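K.L.:
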Amino acid sequence: MKANDHPPQFPAPWACDWGEHRDYGLFMVVEINGVRQCFRWLPQGVFMMGSPESEPERWHEMEIQHPVTLRLGFWLADTACTQALWLAVMGENPSRFKDDLNNPVENVSWDDCQKFISRLNELIPDLAARLPTEAEWEYACRAGTTTPFSFGDNITLEQVNYNGVFPYNYGKKGEYRQKTVPVKSLPANPWGFYEMHGNVLEWCADWFGDYPTTAVENPTGPTAGTARVVRGGSWLISGRDVRSAFRFRITPDDRNFRLGFRLALGHSGAASQADGRRAVAGQTAAR
């Protein structure tokens, strides 16, 4: 991450709280009908997307490794969208696992997410909420790492909510919770994003397609298709399928209790970075 790459406007007019975390960098918080969501700033950067041929249990044809340059910084929610946030915006809760409103919303289709985003942007016109691209999602999930997981070469049930009966690469078997867990109940990755491995599959903006074999900039996927990308794995599936490189395709009208999403906000673009780093008096916090 580049320390000198900052959003052109900080804080945004809609931010109810903001600052600079000592480990994770700039953040802003939005509040909708009493429910808060934190967003973290991801500056432009370069990373290797997909998995190396040496990675155990990789899906070879779907995970061709290639260099990606993201020229535009963006904001990403530090958690999946919760049931509380969905309820605050939409007035109903479609989820199966309703024991805690801090659980991620699930049982939402890609099309449902677009309706949620449209309504959210009506409530806060300057928010520019959207789904992340697949490349943005993996950039945030990896958080500068090159290992199968942002936590290293393997995972534990104390780090990731997945089907521990089927661990990754001969790892130790463990608990199968058989449901989602509340957001932030498991450790964050090195850039401050929670549950990007497991818990719920997360919709991305892209149509699903084959990866390129050469370097690309700001990829957004195919221009058309029949299925959208989901990333991150879920509470239901094996360790193999919660790796940083794991990707899958699901039709945009499909709903099930594995499917959720995470919000992104508009780009910094090439617009002005003349403001540079603004002083954040009294707001630096361990959020």
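Each residue of the sequence shown is one higher than the last, beginning at 1240 in the working numbering.
We put the CB at the ideal spot given by N, CA and C, even for glycine.
Being a predicted model, the structure only gives us computed values, none of them experimental.
#1: Using C-beta distances below 7 Å, list every residue in its chain close to M1329, excluding the 5 sequence neighbours before and after it, in chain order.
#2: When you compare the segment 1394 to 1408 with the segment 1423 to 1434, are there three or more beta-carbon pairs, one atom per stretch, that lie closer than 8 Å?
#3: Please state if the CB of A1503 and the CB of A1327 are separated by a distance shorter than 9 Å.
#4: Using 8 Å for Cβ pairs, my map puts L1366 next to C1443. What's the rounded Cβ distance?
#5: Can at least three beta-carbon pairs, one atom from the segment 1346 to 1353 and one from the segment 1490 to 1497, be found at a separation below 8 Å?
#6: Assuming D1445 contacts T1459 (C-beta within less than 8 Å), just tell me the rounded distance between them.
#7: Alpha carbon to alpha carbon, how far is T1453 from R1479? Give it in angstroms, no decimals.
#8: Between which two residues does the beta strand (DSSP E) holding C1380 run?
#9: Mind checking A1484: buried by the 16 CB within 10 Å criterion, or exposed?
#10: Which full runs of the beta strand (DSSP E) of 3+ residues lie inside the segment 1396 to 1476, going along the chain?
#11: What three-state label does DSSP hand F1388 in the structure shown?
#12: Shortest alpha-carbon distance to E1373 belongs to which of V1455, P1343, T1321?
#13: Spatial neighbours of E1302 within its chain, please: CB distance less than 6 Å, with the 5 preceding and 5 following residues excluded, ordered by chain position.
#14: State the DSSP-derived secondary structure class of F1336, mapped to helix, strand or coil.
#15: Rounded to whole angstroms, what's the CA-CA distance from A1368 to W1430? Just pull it up for me.
#16: Which of the three DSSP states is assigned to F1286 in this structure?
#17: Output yes or no for whether 9 Å exceeds the beta carbon distance between L1440 and S1389.
#18: Return the chain-ordered list of same chain residues with a C-beta closer than 6 Å to the C-beta of H1299, the five sequence neighbours on each side being excluded.
#19: For N1346, which residues in the same chain have their Cβ closer than 6 Å to its Cβ, ignoring the five residues on either side in sequence?
#20: Output the boundary residues of the beta strand (DSSP E) element that contains E1259.
#21: Quick one: using the 10 Å Cβ neighbour count with 16 as the cut-off for buried, is G1521 buried or exposed?
#22: Tell me the DSSP secondary structure of L1362 in three-state form.
#23: Please classify P1295 as buried or exposed, where buried requires at least 16 neighbouring CB atoms within 10 angstroms.
#24: So L1309 packs on N1457, CB below 8 Å; how close in whole Å?
P.N.:
Based on what the coordinates show:
#1: F1355, R1358
#2: yes
#3: no
#4: So it is not a contact: roughly 19 Å between Cβ atoms.
#5: yes
#6: 6 Å
#7: 25 Å
#8: No beta strand (DSSP E) holds C1380; the alpha helix (DSSP H) holding it covers 1373 to 1381.
#9: buried
#10: 1440 to 1446, 1467 to 1470
#11: strand
#12: V1455
#13: G1289, S1290, A1484
#14: coil
#15: 20 Å
#16: strand
#17: no
#18: none
#19: P1333, S1334, R1335, R1494, F1496
#20: 1256 to 1260
#21: Low confidence applies here, because G1521 scores a pLDDT of 34, under 50, leaving its location unreliable and the question unanswered by this model.
#22: helix
#23: exposed
#24: 6 Å
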